[in-house]
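Before any comments, here is the structure.
Right, here's the structure in full:
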């Protein structure tokens, strides 16, 4: 092995060991996962079909591993560049090499590199050019001498007086203080522990920035600022409403603050010798002029990064819950996209989601054609055997639901089931190129009704057509790093799609594109092949698709399903590479494969260990037996929907004490938003989620949950609804902080404009949001209960 190869091997082992500790795994597991990722394997494929290699690492661990691997490789690349830069300067020593090798973060590396980093000519450089470097050295070395006396020997034409000489010496010494990597590390750690974040309103912006009023004079410890408050204050600063400062030791009464004392201690500066007093002033000046701003910027960047990471995690968790919501199933469905002035758009799709009919009815002002509307909807129901009616929850939703309920009341059994569904992102889809390609001859306004119908049948299959950011289950999605947000959300979609599996013969190109190993190009090629040659009879026929080779087949085959095909295992999650093991299991039972599938009694009597071989270990064998027991099992829950209370259609109908049923539309760390059917989501603050202490709302609820809530407070003026899920109705102990969030951070589920955004050429909204600000949506933390 060459020296380069040996070095690369040691580095790989080091990275695997470090990441293993962070994700709760063994180094061998991490190393195997890294090798598979480097070979091009996807996270879903590794998590499902390479358990022997990774020791059973799940998709969450694997995604964290991937993120940390990317960071650490960037760190190593930067370390190498820094070492080379210092080597070229002829300043690389063994001690410096050891310090660089021991740095574990990019910030530590940059601290060490600071004295060697090429920079513009500064005041310290000018002082050295004027011959004041020896004076600085003398002051540091001869503390018993007064600096002014030492400076008298360094006067020149360029340094006319003692004051100029001491200022130059100060610039040189201060630069040394500010470039001490060990000192910077200690100061940064001190600030992380003790600093406070202070927000103030910019003079004259009180009225224009009223939505940030909770932060007009606000201070809290930097280390404890939650994500949503940090992002709200950062937005206030970006909109020139707030000023933000990092304060440290502001209330410490000592004449020498702890941060300055740390500088003194790092340079052995006491308080008895004549030179010490002058050096103490230099230390204070260094903190005020150089280090305070530098470290404050570092902490502000860390705060933003920390807040963004948490916001992205919240969005990802909510998106996963929404994507994996229970499907209503393959039943003929009518989608109704409510509208007042522009009418209610209706679309009927068959059990597979194929569009059968559309119509527009006008039951509301100005036409008020209630009878004609009910007649038309009833006709569509009878003509197409509609079993489900999906009603979008936007403007006119409750009025439309009431009209449908009255119509169903006059119909003979069996009657369709009506369900109110979130139409978040429907307008985005309607105006997209994908919708135009799917329905080239259909009016934009009717495409939303089709999407609403399909998302009731199968939320996952329909929502993958919409950019994840537009689904509207996040907070501050427009303020966070868009690359990292998109990467995280794409990972969630990929994991959800592959966890459920995809029907190869009915799936859209949008859905197929999310399957492990595939992408938009191959997905379109599969659909084109299917259209030209008919349905796939077996998974193996995928190899006939243009540009789909063995490597891609290995990655995608296990996640694609073929119902009623020639090979029964093609309908399961058993990978084709393991069909031989499955047949050994079937043979051991002495049964036909089709009759054995689903026979829990026969399969539970088997000993999985007898089917283990050199390639397939116990985890894979157990997975195969589980699949034979429940072939193609769907991990999503059974379908359930909330029933809104009759007569409660508007906020004005709400009274404190009412107990209502609703659907969770969004979850943040501080609470959950619930659609109770009044066009305005109510907030269940984290303190009102349970009769116990709850740190994070995700511990109790998730998006899509059907919950019982009690109305606590109704603020019609500010359009805020406070709800509780506590059984006793008593206020929780403690005082939750008030929150503030601008309009575009509100959760999905409330009123949207009357489809203006769906017009051709109109800009699609980033997400459909309800009335009431998310931060203010805390109802001033339930009146600071």
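In our numbering, the protein residues as written are 563 to 1347.
Yeah, the Cβ is synthetic: ideal placement off N, Cα and C, and Gly gets one too.
Only a predicted model underlies this, so the values are computations on that prediction, with no experimental measurement involved.
Sequence-distant Cβ neighbours of residue 635 in its own chain, meaning closer than 8 Å and more than five residues away, are 577.
Nearest C-alpha to residue 1109 among 1126, 1091 and 1100: 1091. Under the rule that a run must span 4 or more residues, the alpha helix (DSSP H) segments found entirely inside the stretch 1129-1163 read 1141-1151 and 1155-1158.
Residue pairing by DSSP places residue 1051 opposite no residue, since no beta bridge is assigned to it.
For the pair residue 599 and residue 607, the Cα-to-Cα distance works out to about 10 Å. Between residue 886 and residue 1197, the C-beta gap is smaller than 8 Å, which places the two residues in contact.
Ranked by Cα distance from residue 832, the first of 903, 900 and 706 is 706. Taking one beta carbon from each stretch, the stretch 856-868 and the stretch 1021-1033 have fewer than 3 pairs nearer than 8 Å; the two do not touch. According to the DSSP assignment, residue 921 belongs to the beta strand (DSSP E) that extends over 917-923.
In the DSSP annotation of this structure, residue 609 is not part of any beta strand (DSSP E); the continuous alpha helix (DSSP H) holding it starts and ends at 605-611. With a beta-carbon spacing of about 5 Å, residue 712 and residue 700 fall inside the 8 Å limit used to define contacts.
Put simply, of 1014, 819 and 1181 the residue whose alpha carbon is nearest the alpha carbon of residue 612 is 1181. Counting along the chain, the unbroken beta strand (DSSP E) around residue 896 starts and ends at 895-899. If the five residues before and after residue 1147 are omitted, its C-beta is found closer than 7 Å to the C-beta atoms of 1168, 1173, 1186, 1187 and 1190, all from its own chain and listed in chain order. When DSSP reads this structure, residue 1276 sits in a beta bridge with 1283. The DSSP-derived three-state label of residue 951 is strand. By the beta-carbon neighbour count (other beta carbons within 10 angstroms, threshold 16), residue 1013 is buried.
Annotation for residue 1072: the continuous alpha helix (DSSP H) segment containing it runs 1071-1074. Here the stretch 1274-1288 lies against the stretch 1242-1250, with 3 or more beta-carbon pairs under 8 Å apart. In the displayed model, residue 1234 falls within a strand according to three-state DSSP. Under the DSSP definition of a beta bridge, residue 1247 partners with 1233.
Under the Cβ criterion (8 Å, minimum of three pairs), the stretch 895-902 does not count as touching the stretch 1034-1054.
When the Cα atoms are used, residue 992 and residue 1239 turn out to be separated by approximately 24 Å. In its own chain, leaving out the 5 sequence neighbours on each side, no residue places its CB closer than 6 Å to the CB of residue 1261. One alpha carbon belongs to residue 894, the other to residue 1233, and they sit about 36 Å apart. 880 is the residue among 880, 778 and 751 whose C-alpha sits nearest the C-alpha of residue 1039. Secondary structure remark: continuous alpha helix (DSSP H) runs of at least 4 residues inside the stretch 659-728, in chain order: 668-675, 685-691, 695-703 and 709-713. In the three-state reduction of the DSSP assignment, residue 964 falls in the helix class, which pools H, G and I. In this structure, 890 is the residue among 890, 971 and 972 with its C-alpha nearest to the C-alpha of residue 914. Residue pairing for residue 1228: DSSP places it in a beta bridge opposite 1235. For the pair residue 938 and residue 980, the Cα-to-Cα distance works out to about 16 Å.
Restricting attention to 680, 1120, 1106 and 1050, the CA atom closest to the CA of residue 625 is found in 1050.
Taken in chain order, the complete alpha helix (DSSP H) segments of 4 or more residues contained in the stretch 823-907 are 836-848 and 854-885. Residue 1123 has 1065 as its beta-bridge partners, per DSSP. Residue state for residue 767 is assigned as coil, using DSSP reduced to three classes. Short of 8 Å from the beta carbon of residue 917, and not among the five residues preceding or following it, lie these beta carbons of its own chain, in chain order: 909, 910, 911, 1001, 1004 and 1012.
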